[in-house]
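Protein chains: 2
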Amino acid sequence: MARSDGSGSREVPRIVILGGGFGGAYCALALERILDRLDPPATDRLMAGHGMRYRGEVPFDIFLVNSENYLVYQPMLAEVVSGNVGIEDTVGPLRRLLRRSHIYVREVESVDLDAGTVTLAPGIRPRPHVLGFDQLVVAVGSVSDFRGMPGLPEHALRFKTLADAVNLRNHVIHVLEQAAIESDPQLRRELLSFVVAGGGFSGTEVVAELNDFVRRWTRDQATLRDDEPRVVLVHSGERVLDRELTPGLSEYATDLLARRGVEIRLGARLQSATPATAVLADGSRIPTRTLVSTVPSSPNPLIEGVGLTTERGRVVCDAHLGAIGRANVWAVGDCAFVPGPDGAGSPPTAQHAVRQAKVLAENIVRALRAAPLKPYTFGGLGKLGSLGHHRAVAELPGGVHLSGRTAWLLWRTIYWWKLPGFDRKMRVGLSWLSDLIVGGNPVNLNLGRVQGVEQEHFEPGEYVFRQGDRGDGLYMVVRGTAEVRSGVGADETLLATLGPGEFFGEMALLGDGVRNASVCCAEPLDLLFIPRSDFAALLDRLPKMRESIEQVADARRERAEPEAYRGASAGGSEG
Amino acid sequence: MARSDGSGSREVPRIVILGGGFGGAYCALALERILDRLDPPATDRLMAGHGMRYRGEVPFDIFLVNSENYLVYQPMLAEVVSGNVGIEDTVGPLRRLLRRSHIYVREVESVDLDAGTVTLAPGIRPRPHVLGFDQLVVAVGSVSDFRGMPGLPEHALRFKTLADAVNLRNHVIHVLEQAAIESDPQLRRELLSFVVAGGGFSGTEVVAELNDFVRRWTRDQATLRDDEPRVVLVHSGERVLDRELTPGLSEYATDLLARRGVEIRLGARLQSATPATAVLADGSRIPTRTLVSTVPSSPNPLIEGVGLTTERGRVVCDAHLGAIGRANVWAVGDCAFVPGPDGAGSPPTAQHAVRQAKVLAENIVRALRAAPLKPYTFGGLGKLGSLGHHRAVAELPGGVHLSGRTAWLLWRTIYWWKLPGFDRKMRVGLSWLSDLIVGGNPVNLNLGRVQGVEQEHFEPGEYVFRQGDRGDGLYMVVRGTAEVRSGVGADETLLATLGPGEFFGEMALLGDGVRNASVCCAEPLDLLFIPRSDFAALLDRLPKMRESIEQVADARRERAEPEAYRGASAGGSEG
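Order-wise, the sequence lines are chains G and L. Quick note on numbering: the first sequence equals residues 1 to 575 in our numbering. Quick note on numbering: the second sequence equals residues 576 to 1150 in our numbering.
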């Protein structure tokens, strides 16, 4: 395949880094610093009295590929939910951080190790872009992986990227706004229940910030009672953060969250989800419209196709961070399996990613010069977790344990200090200052998300829609069976049962827009939902489709009127 | 229709305000202040030594309906583009501003004046909500109206709401990112051209901020030359802002923008748009991937169906801001036609909306008490327009004209002073401070927008896609004819011509994903685009549809192979 890369000189080796998280971005940064030492940037040299501009002796070119143009400052993401930091303050533009690297804001499609090429997904024009490499750094991180958990891909909110954090925030504000004007007690309860699955650092931080935000909101609203909101943390362990911290600190965190009103379900696991329910492994159901899952996280599936030796999806590295069996391929961060002295890999934390990145940058340069490589040795680093509300827990090297306000101050200071760049420090500092003075900013930053064709999952006994609802789209059965029922409450009678490949809800779209039957299910049900607007556009343009849908609708209307209804009021049928 | 409103007491009259822009929000605020005078809030009374809590004597309830939970501070929206103010700083949460009003974050579906009800679109559950009123305030503002301008609804970016501003910013960052790595000179030119239509306050502010942002970005990037970006302002008048300001100031603004590198097309009008072109009324075409249209703006179409007397879509009011012919209906702001002494209506500006809102609030209360109403008299208010880069123009009452840095300082100070609430003043102040110190924050805040079924428009000679492109969806012809061509450049041969109802692009979706023919048009062409993912989901579930599409694909394949190709390489056909 021809290389279509447009920039960078071909006389010097090319280092291509896939991923702009902590591992990838800090590796590029460390490589830039090595370049700076060899060839100081123009301004520095002028100041130092060097007059001659550097010409063509750059020992390597750095290329960084990332799907976003920024580095996400993960530990602060949870604060976006409560609005304590501005949305843009939790990320740093890669171009500001990296002045000497070529930055490609694209998705990676595939990697060909033998050809030495990476194929990037199309940008504006629908043509892929091929980038050649001499040295390749795999730093693609991990992804939320909901496979095998029915309904989670469709109905659980993720918490990994900036978009996830903003979407969660928008969603929470939306349900709170709707709850304030909702008179139906059942729906009101669902709207005011918030479930977070996973009691690791990420889940704990999210539930703490969410709890603070929801309770602050409720306190300000005359139409919501303080005891109405329910915030639940579902965790499989014995205590919150029990895998991350010492028993003492873990207990402190658990107690603190419970005192603040978080309902903690220990030894529990999330099993499936529907639009209005979180279902746990023990069969219990929590009615909720807001389910956040911070588990499980697994290595980026891109790695599977590359042909490297992997260990549970992560690239197996030697002590020098080189991928096993490939001289010019390296891995760093959450997607790398770097065996420590005890044989276990380093934990997938930002601290390790940043430290690995520095060693890796040096090793790549050593490899280019055929110099001996440096091993990555990971020691005991500190652990910090925020618990919201100006409280945190910290486990420092040397057995020092902190909790409460002191730990929180330490947390803030350390993370603030580590923020890349002066401008980011400045912005976040000012943002925190204004937060201390005036509090958060509860604005629903909905950017007019388009609703497309999507899947939905329902558990036994749940309703897809009810008679009298507005028809907002058409459904097709993918798995399971749907029961079409007419009438309300005790008068409900079964009209029909629909299986895979059959559709319902078409009557409300062809007719006056109101559902004239209810649809529920007796077994788990997966549906494909086509929104009204897409459906209308398709019907208008696809005569064959309109025809076949109208045939079904007519048949149902005929069947329904003479017999199935027997004394029911209106002449309606399925949906 | 039954009233389904859940909150508010029914003993007192209900004032329902539709719209939370300047007119609506400030009307609610003025009404709250009247309530405060009658019945001070608890904290004030405690401080003043009043011990007794107020009981049930509230003379009215305020309901405000708005599709967002915030008031947009319109004059600052353009600064979102350059990142000079934080995204959330340009809006104020309505619940913070309005402490005594019932806020409904919903769309308005319809109004029944005789029944005294407003129907709100469904929220989370697909059921509409009916709200009764005794007094109704119509404050629904104006909307971008691209009807009758081919391609504008599909391809022009709007600039009216916060979502519009953030989307424009994201889009601009996206094209700049892609331009930096694009080697094709034609596409690079399109990516680096930015067109704004409309030289009023809004268009001028947008083009000024956009120009600043793009030039600052280019200066920082090694792979972009400073002379590459092209920023064009298309305006039908003789000078920029010639309808808003005196000739002197208007000339100053025109010169300033031109000096900063904005290409100003005067006496020109935008006529149509395609994905890669802005077409002007004189037939000239500007190749661009970024077209912003700030004209035309027309009153909210909701008004048409209400049954009020209108003048070019706006509600005709008497001098007291009451709708003609309806004793309990009022209008305010951009959607109201309030005749002045010369018979013309007040201009649709925030200043008028805010002043009208105060008079209106008082008149509603007077009407409730059967007291005589107050007329709205609009005098000469000042005019202010920002030109980016710390420059502005101002026309003050008494014939005082200012321009340049002084006007800009005045502009900032006045708007800052007018920001509702202390916390907003604080936040925006800090944001401006950090902007002065560290500059903007070029982060593409893409929230994972889902691509759904959408329309596209093409002008004669343009390509929908080219042979070799990646197939990202299926197209259906809505209007016009599409030409399917095989081969590249001089070897291009016409394979087929497709008309309304026919589709193309299916081969790339059923096959290996690469377009094996090009599609262009000889007359204006409107298409319906179905993205790959939606298409795949539908094909899997709708056997009838798959069947008919495969039939067409087979027929095309057969037809293409023996004859149409005659010596062409691969055995492909349409798309």
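Idealized CB from N, CA, C, for every residue including glycine.
Report the residue from the options whose alpha carbon sits nearest the alpha carbon of residue i.
i: Ile756/L; options: Glu395/G, Phe63/G, Gly283/G; result: Phe63/G
i: Glu205/G; options: Phe60/G, Ser82/G, Arg485/G; result: Ser82/G
i: Gly1043/L; options: Ser1123/L, Pro822/L, Gly1062/L; result: Gly1062/L
i: Arg794/L; options: Gln931/L, Arg834/L, Leu751/L; result: Leu751/L
i: Ala407/G; options: Arg424/G, Gly388/G, Gly421/G; result: Gly388/G
i: Gly288/G; options: Leu266/G, Arg189/G, Asp242/G; result: The sequence shown places Thr at residue 288/G, not Gly. Out of Leu266/G, Arg189/G, Asp242/G, Arg189/G has the C-alpha closest to the C-alpha of Thr288/G.
i: Thr526/L; options: Ser777/L, Leu855/L, Asp830/L; result: What the structure shows of chain L is the stretch from 576 to 1150, and residue 526/L is not part of that stretch, so it cannot be assessed.
Of all the CB atoms in chain L, is at least one closer than 8 Å to the CB of residue i?
i: Phe465/G; result: yes
i: Pro126/G; result: yes
i: Asn363/G; result: no
i: Ile264/G; result: no
i: Ile173/G; result: yes
i: Val292/G; result: no
i: Leu191/G; result: yes
i: Asn69/G; result: yes
i: Leu98/G; result: no
Is residue i helix, strand or coil by DSSP?
i: Gly1048/L; result: strand
i: Ser144/G; result: strand
i: His401/G; result: strand
i: Ser518/G; result: strand
i: Gly1055/L; result: coil
i: Thr223/G; result: coil
i: Lys160/G; result: coil
i: Ser293/G; result: strand
i: Arg216/G; result: helix
i: Asn641/L; result: strand
i: Asp282/G; result: coil
i: Asp255/G; result: helix
i: Lys383/G; result: strand
i: Ala115/G; result: coil
i: Ala623/L; result: Model confidence at Ala623/L stands at a pLDDT of 40, short of 50, so the residue's coordinates are unreliable; what they give is reported in the following sentence. In this structure, Ala623/L counts as coil in the three-state DSSP scheme.
i: Pro185/G; result: helix
i: Ser811/L; result: coil
Distance cutoff 8 Å, beta carbons only. Does residue i sit that close to anything in chain G?
i: Val680/L; result: yes
i: Asn1091/L; result: no
i: Glu752/L; result: yes
i: Arg630/L; result: Note that Arg630/L has pLDDT 40, beneath the 50 cutoff, so the model's placement of it is unreliable and no number is given.
i: Arg670/L; result: yes
i: Val1028/L; result: yes
i: Asp1087/L; result: no
i: Asp917/L; result: no
Could you name the residues of chain L that residue i contacts, counting a contact when the two beta carbons are closer than 8 Å?
i: Gly20/G; result: Result: empty, since nearest Cβ-Cβ is about 12 Å, beyond 8 Å.
I want to verify the contact list: residues of chain L whose CB lies under 7 Å from the CB of residue i, in sequence order.
i: Gly86/G; result: Gly661, Glu663
i: Gly123/G; result: Gln753
Please list, in chain order, the chain C residues whose beta carbon lies closer than 9 Å to that of residue i.
i: Leu224/G; result: Note that chain C does not occur in the displayed structure, where the protein chains are G and L.
Bridge partners for residue i per DSSP, in chain order?
i: Cys317/G; result: Ala323/G
i: Glu79/G; result: Partner(s): none; Glu79/G has no beta bridge.
i: Ile939/L; result: For Ile939/L, which the question treats as bridged, DSSP gives no partner whatsoever.
i: Ser193/G; result: Arg230/G
i: Pro299/G; result: Ser142/G
Using the beta-carbon of each residue, which ones in chain G are nearer than 9 Å to residue i?
i: Asp857/L; result: Under the 9 Å cutoff, chain G gives no residues; its nearest Cβ is about 28 Å from Asp857/L.
i: Asp1044/L; result: Pro122, Arg125, Pro126, Arg127
i: Asp795/L; result: Arg95, Arg96, Arg99
In chain G, what lies closer than 7 Å to residue i by C-beta?
i: Leu762/L; result: Arg125
i: Asp1047/L; result: Pro126
Run down chain G in chain order and give the residues with a C-beta less than 8 Å from the C-beta of residue i.
i: Arg864/L; result: Ile124
Starting from residue i, find everything on chain L with Cβ-Cβ shorter than 9 Å and list it in chain order.
i: Leu433/G; result: Leu1005
i: Asp534/G; result: Gly1027, Val1028, Ile1105, Asp1109
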